[in-house]
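Numbering (the UniProt record's numbering), first residue to last: 1 to 92.
For each residue, glycine too, the CB sits at the ideal point set by N, CA and C.
For clarity, every value in this text was computed on a predicted model and none was experimentally measured.
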């Protein structure tokens with residue numbers, strides 16, 4: 001029986017700090033803002049900030065869930081969410 005080696009987050013990034021297709025495929029559903037669509041990946045603080053800044057691009061049916069996920073991930077990485085839109089939608 002062979003063991004699966006632990007996932008190395010650094011291997012998920014191309015030279016320009018963008019998440020690779022392979023790396024994105026290895027993320028768990030819980031690392032996405034909208035898991036059922038695997039949209040808005042947030043494996044680290046940088047991607048949480050990106051999701052916050054792109055929140056306005058989410059479809060209305062996913063915005064409450066995405067807002068709550070952004071807040072949860074921001075808390076996990078010790079970030080403060082500044083977007084009033086995210087904060088308002090998270091309350092819905």
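Practice item. Answer with buried or exposed for residue 74, where buried requires no fewer than 16 other C-beta atoms within 10 angstroms of its C-beta. Key: By 1-based counting over the chain shown, the position of residue 74 is 74. Residue 74 comes out buried.
State the Cα-Cα distance for the pair residue 90 and residue 22, rounded to the nearest angstrom. Start at 1 with the first residue of the chain shown, and residue 90 comes out as number 90. Start at 1 with the first residue of the chain shown, and residue 22 comes out as number 22. The straight-line gap from Cα to Cα measures roughly 30 Å.
### Query
Does DSSP put residue 37 in a helix, a strand or coil?
As a position in the chain shown, residue 37 is number 37, starting the count at 1. Residue 37 falls in the helix class under three-state DSSP.
Could you tell me how far apart the beta carbons of residue 29 and residue 35 are, in whole angstroms, since I believe they sit closer than 8 Å? To locate residue 29, count along the chain shown from 1; it is residue 29. To locate residue 35, count along the chain shown from 1; it is residue 35. Yes, residue 29 and residue 35 are in contact; Cβ-Cβ is about 4 Å, under 8 Å.
Query raised in the report: Taking DSSP as the reference, what is the three-state secondary structure of residue 19?
Result: Within the chain shown, the letter at position 19 stands for residue 19. Residue 19: strand per DSSP, three-state reduction.
Next item on the list: Between the Cα of residue 87 and those of 27, 72 and 39, spot the shortest distance and give me the residue it belongs to.
Entry: For this step, residue 87 is matched to residue 87 along the chain shown. Answer by Cα proximity: 72.
Starting from residue 49, trace the alpha helix (DSSP H) in both directions and tell me its first and last residue. As a working mapping, residue 49 is identified with position 49 in the chain shown. Counting along the chain, the alpha helix (DSSP H) containing residue 49 begins and ends at 45-53.
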